[in-house]
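Chains as they are written, first to last, in this note's numbering: chain B, 1 to 191; chain D, 1001 to 1191; chain E, 2001 to 2191; chain V, 3001 to 3191.
Taking it in order: structure first as structure tokens, then the write-up.
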DNA sequence: AATGAATGAGGGTTCATTCAT
DNA sequence: TATGAATGAACCCTCATTCAT
């Protein structure tokens, strides 16, 4: 098999393993078995477990692209973005579990914490920028604090990845996201 | 040393270990070293690692009592409650980390998931009840969806426990909580 | 409790433990529990596990007194002796099991091997003496080899202590003993 | 090294360990040392101690084949069989010790007791059949009780495996076996 | 490119034993 | 006399990793 393909196979096996058994439950032997190769082959492609985890993390980043739509009013862009994220979390349990595992692992892996922190910063900045733009354009209530709103959104999405909260309440979480947006977009005059 | 005292010491050592290295990074030998006893002593007090973890979990439940104040207007009660929770998470890093570890562990421990799920249900019900009461009493905007609001709060608090988000942004998180409350309590007429 | 009584209690508990779980399955904690005392008390009365085992061995010697009747013809004495031994083994399972355990332990305990060897030698000598006397007195067939006969008896009795052979076949073993004696005592002329 | 060879090596090391230190004295580390490998290698070939013991038991069954000769008169067949067995026990101390250990272990291992019991039953049945045939063919004294004789033989051989009896008296045991056979085959008329 | 064989380090647990009271 | 508390040593087993092929 082509070198890159086999590498991908093993990476996907690791990703699935992380989602299923967690980071610390990840065993090189299990990854090898899932990929249908010998354990030494895993070490042939990935020098160490850490390397394999790094590859799985890159796969996660590829899979979880929460992009802000480029076009539309701030309201439309925010709605599409947030509903897109929550729907992804609701529908892709493997991805959700992997996200939670990775996020938690940052507590013991400073380098990972740095990477995740940077991604968070970027996301927060995007959200703040969008909110500010909406404020400027008069899309929503002027009192909104962009930084606070951004943190609310990110914290909520992270909390939604936790094992117990979302699985039984997808409808409530969608409603919560919509309500959050509606708060922003409600014309004070209408209330 | 008195039996109960030594037991508590070891339990606290386990709790600290969980907060620092995570659940699966918890080593009986490390707990023993932290408590200043031999590893066999840990097994003298706790028959198994599982027993020790159960004791550490009970300690966590004792430490994290997020009670709803009994007196005051719904607005006052909600504010005190939510600010109390977020301040606890901000100030007690050990508790926050342990909470995150426990929450994540639920992914692989059905019994723990059941317990946490039940605690979540209770918290959500309390929040919904309080919001409904506020609606009835005209404390805030009638359009608020109690269930969605409750889920927003719980998800946000859970997200705030994650390793990367809160530590560098305590002020933003407090502001986010306050803004959430203010949304509820803002008299539409004022906007 | 009087010192001697408590010692006996613990010794009996050890004996029962050996019969039930075997020598290597003997645990000081189990002995203490069976005797209803603290494990440290066992060490108070017996300095070490080895000492306790020695006491249990002495108890075994007291319980298993296979004495040769003093009176009667050689035939009568031999019959009474051998049937007495086999009946003891059949009826007292605890004793039989303890005997087997002790005998086996001799393989790893030279001092015990010496003691058991001495007891065996004495028994063999008694048996040979009795057979020789019978031969002299014309009680049975002259061709009998006293040493071979004695070894046959002792080996057979030891084999009867093994866990699997006797329990289901007490009648066969009694018959075997009787046939052995009858071979000796059958007057050639009668055959 | 080839997989099967190393497996055999480790199995033989375990067998020798059982013969030397007994079943419960068997240590994975000792087996590894005797085989000249790391302890993890033992677990690489045998998933658990139990598996290794099972392999050692199979080796014992292979080594101890006490087959009844197919040809000859009943007398000849019985003699060859019994002298073969006793000579094996006399000359192969390791096998004898392992047999004793296995037999004793049956006291605490019901499944092993079942297997050994079945092997005993088969042996006893063979012996009874041979004796009955001899009786029918007039090879020996008609009064002989086949079941009692068979039990005598088996108990004796088991007793001969015990640590203390045989080692110092191989000649007596051979003589005992021969005498047992001679009793059967002695023509009453000759006595 | 891929693997079977082998290992060092470290994991939870058990046990006889000690010691202060 | 008797014990609860504490321990060092040892046990079985697992894991990521290495290496010759």
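Where is the CB? At the ideal position from N, CA and C, for every residue including glycine.
Do residue j and residue i count as a contact pair if the criterion is CB distance below 8 Å?
| i | j | result |
| --- | --- | --- |
| residue 2090 (chain E) | residue 2166 (chain E) | yes |
| residue 3078 (chain V) | residue 3130 (chain V) | yes |
| residue 2011 (chain E) | residue 2080 (chain E) | no |
| residue 3118 (chain V) | residue 2179 (chain E) | no |
| residue 2160 (chain E) | residue 3155 (chain V) | yes |
| residue 2106 (chain E) | residue 2052 (chain E) | no |
| residue 1045 (chain D) | residue 1102 (chain D) | no |
| residue 1145 (chain D) | residue 171 (chain B) | no |
| residue 1035 (chain D) | residue 104 (chain B) | no |
| residue 1083 (chain D) | residue 1064 (chain D) | no |
| residue 1047 (chain D) | residue 1030 (chain D) | no |
| residue 86 (chain B) | residue 184 (chain B) | no |
Using only alpha-carbon positions, find the residue among the options that is nearest to residue i.
| i | options | result |
| --- | --- | --- |
| residue 3169 (chain V) | E:2102, E:2131, E:2152 and E:2180 | E:2152 |
| residue 132 (chain B) | B:120, B:150, B:118 and B:160 | B:150 |
| residue 2177 (chain E) | E:2186, E:2162 and E:2157 | E:2157 |
| residue 186 (chain B) | B:172, B:142 and B:163 | B:142 |
| residue 127 (chain B) | B:29, B:98 and B:66 | B:66 |
| residue 1097 (chain D) | D:1182, D:1183, D:1019 and D:1005 | D:1019 |
| residue 2108 (chain E) | V:3005, V:3016, V:3007 and V:3021 | V:3021 |
| residue 1004 (chain D) | D:1048, D:1184 and D:1042 | D:1042 |
| residue 38 (chain B) | B:173, B:9 and B:184 | B:9 |
| residue 2163 (chain E) | E:2092, E:2120 and E:2068 | E:2092 |
| residue 2061 (chain E) | E:2002, E:2116 and E:2181 | E:2116 |
| residue 3059 (chain V) | V:3120, V:3040, V:3007 and V:3002 | V:3007 |
Heavy atom of the ligand ZN less than 7 Å from the Cβ of residue i, yes or no?
| i | result |
| --- | --- |
| residue 1061 (chain D) | Of ligands this structure carries none, so the ligand ZN is not represented either. |
> Is there contact here, the region 2111-2123 of chain E with the region 3021-3030 of chain V, by at least three beta-carbon pairs under 8 Å?
Replying inline: no
> Using 8 Å as the threshold, is the region 1130-1139 of chain D in touch with the region 1068-1075 of chain D, meaning 3 or more CB pairs across them?
Replying inline: yes
> the region 87-117 of chain B: which residues have C-beta closer than 8 Å to a C-beta of chain D, in chain order?
Replying inline: 97, 100, 101, 103, 104, 106, 107, 108, 113, 116 and 117
> Taking Cβ-Cβ distances below 8 Å as the criterion, which residues of the region 63-78 of chain B are in contact with chain D?
Replying inline: none
> Any residues in the region 1015-1026 of chain D with a beta carbon nearer than 7 Å to a beta carbon of chain B? Which ones, in chain order?
Replying inline: 1021, 1022, 1024 and 1025
> Between the region 120-141 of chain B and chain D, which residues of the former have a C-beta closer than 7 Å to a C-beta of the latter?
Replying inline: 120 and 141
>> Short of 9 Å Cβ to Cβ, which residues in the region 1155-1166 of chain D face chain B?
In response: 1155, 1156, 1157, 1158, 1159, 1160, 1161, 1162, 1163, 1164, 1165 and 1166
> Using a beta-carbon distance cut-off of less than 7 Å, what residues from the region 2167-2182 of chain E approach chain V?
Replying inline: 2169, 2172, 2173, 2175, 2176, 2179 and 2180
> Can you list, in chain order, the residues of the region 2026-2038 of chain E whose Cβ is nearer than 9 Å to any Cβ on chain V?
Replying inline: none
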